[in-house]
Amino acid sequence: MVLQNCSRNLLVTDRETLGSRGRRLCERERETMKFNPRVSSSRRKSRKAHFTAPSSVRRVLMSAPLSAELRSKYNVRSIPVRKEDEVQVVRGTYKGREGKVTQVYRRKWVIHIERITREKVNGSTVNVGIHPSKVVVTKLKLDKDRKAILDRKAKGRAAADKEKGTKFAPEDIMQTVD
Numbered sequence: 001m002v003l004q005n006c007s008r009n010l011l012v013t014d015r016e017t018l019g020s021r022g023r024r025l026c027e028r029e030r031e032t033m034k035f036n037p038r039v040s041s042s043r044r045k046s047r048k049a050h051f052t053a054p055s056s057v058r059r060v061l062m063s064a065p066l067s068a069e070l071r072s073k074y075n076v077r078s079i080p081v082r083k084e085d086e087v088q089v090v091r092g093t094y095k096g097r098e099g100k101v102t103q104v105y106r107r108k109w110v111i112h113i114e115r116i117t118r119e120k121v122n123g124s125t126v127n128v129g130i131h132p133s134k135v136v137v138t139k140l141k142l143d144k145d146r147k148a149i150l151d152r153k154a155k156g157r158a159a160a161d162k163e164k165g166t167k168f169a170p171e172d173i174m175q176t177v178d
């Protein structure tokens, strides 16, 4: 067997530690190996995928965290923002302002909130776009589809918590959603 120097000047001896290109990997490289070889780690490809994402993917990417009360009630951490949700801005110039979402502008990656506007030079007012990660959802517009999403996410989280052993039981969570 041939020993080969690693990037950290360590000698690698076992046969199982071959990388994708057939070269031997040191311990540091083995720890950072990906589990799925079809998913790229490239910054360039990640940015391209993000900025050229279709509207259906942008919906999920434009999620906002729920407030502490809603999070404990539904056992869900975040949800895609929707028109007529009530939100509070927690970062930036408009921090502390609350209002109802008037538009989710997926093409520009922003949401428009009522009463958060600015005046243009010609005197007209326009909505100011705010990124959904900078807001917290304080009140949800619920319908049967949105309740189904909350149920599904809560079940998944309850199953994950059950494996780890936490204070929530699936029965308790399902009662609060109804």
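Read the sequence shown against full-length UniProt numbering and you will find it ends at 178, with the numbers running on by one and no gaps.
Ideal Cβ placement from N, Cα and C applies to all residues, glycine included.
- When the Cα atoms are used, F51 and I130 turn out to be separated by approximately 17 Å.
- For the pair P37 and R47, the Cα-to-Cα distance works out to about 18 Å.
- According to the DSSP secondary-structure assignment, I79 is paired through a beta bridge with A64.
- Beta-bridge pairing by DSSP links V89 to V135.
- For S78, the closest C-alpha among the options K162, R152, A53 and A159 is that of R152.
- For R107, there is no enclosing alpha helix (DSSP H), as DSSP marks it with neither H nor E.
- Contact between the segment 154-165 and the segment 121-128 is absent: fewer than 3 CB-CB pairs across the two stretches fall below 8 Å.
- With contacts defined by Cβ atoms closer than 9 Å, R91 and K134 form a contacting pair.
- Beta-bridge partners of I113 (DSSP): V101.
- Around the beta-carbon of V39, fewer than 16 other beta-carbon atoms lie within 10 Å, marking it exposed.
- Inter-segment contact for the segment 94-109 and the segment 158-167 is absent: fewer than three beta-carbon pairs are separated by less than 8 Å.
- Under DSSP, the beta-bridge partners assigned to V126 are R118.
- When the alpha-carbon of K83 is set against those of A49, S72, V110 and E69, the nearest one is in V110.
- Under the three-state reduction of DSSP, D143 is assigned to coil, being neither helix nor strand.
- Using a 10 angstroms sphere on the CB of N122, the tally of other CB atoms stays under 16, which defines it as exposed.
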